[in-house]
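Numbering (my numbering), first residue to last: 213 to 399. Using N, Cα and C, we set each Cβ at its ideal position, and we do this for glycine too. These numbers were taken from a predicted model, which means no experiment stands behind them.
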């Protein structure tokens, strides 16, 4: 990253599908998660939490993905299940951002889920600003009972996203087209 303009740094963020070691160390990750938690949060409910999976713990995560796949598609081939198992190994660290919404008299559930989405985006941005690569992935695995059990999720908790973290590897993704935002001005 070059330049001192924070907006230029943000415009330069790209999803990095190819990530290698090293991932953030515990102190670096702590800093990233603190930054990610500085998001709009009506009522200061902090309706999210982070589940960090790294190193050897990625293998059982992949096993839970494959078990969920086998349950969902009983006729899945061994090759398909093996490919699913490797999804957890795409980076040296995966952070599951978990929405933890609960009934509140002033803060609706949708707003609490939105805060968790902001925390996930904050983590992606913080990683980029510190020179790490990030890839935000979603999918049905976070809803699968076997994966939820592996992560220790409680009823009502939801995986907002899987944030893959590491050192950018492979080619730099192509620049985004210079798109103007869609804006409606009133006034």
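| Asked | Found |
| --- | --- |
| Burial state of residue 398 (16 or more Cβ within 10 Å) | exposed |
| Beta-carbon separation (whole angstroms), residue 266 vs residue 235, contact threshold 8 Å | 6 Å |
| Given residue 380 as reference, the closest of 330, 349, 304 and 361 once Cα atoms are compared | 304 |
| Inside the segment 270 to 343 only - beta strand (DSSP E) runs reaching at least 3 residues | 305 to 311 |
| Euclidean distance between Cα positions of residue 292 and residue 387 | 32 Å |
| Assumed close pair residue 341, residue 245 - CB separation to whole angstroms, cut-off 8 Å | Actually they are not in contact, since the Cβ atoms of residue 341 and residue 245 sit about 14 Å apart, beyond 8 Å. |
| Runs of alpha helix (DSSP H) lying entirely within the segment 352 to 398, each at least 4 residues, in chain order | 357 to 363 |
| Short Cβ contact (8 Å threshold) for residue 297 with residue 282 | no |
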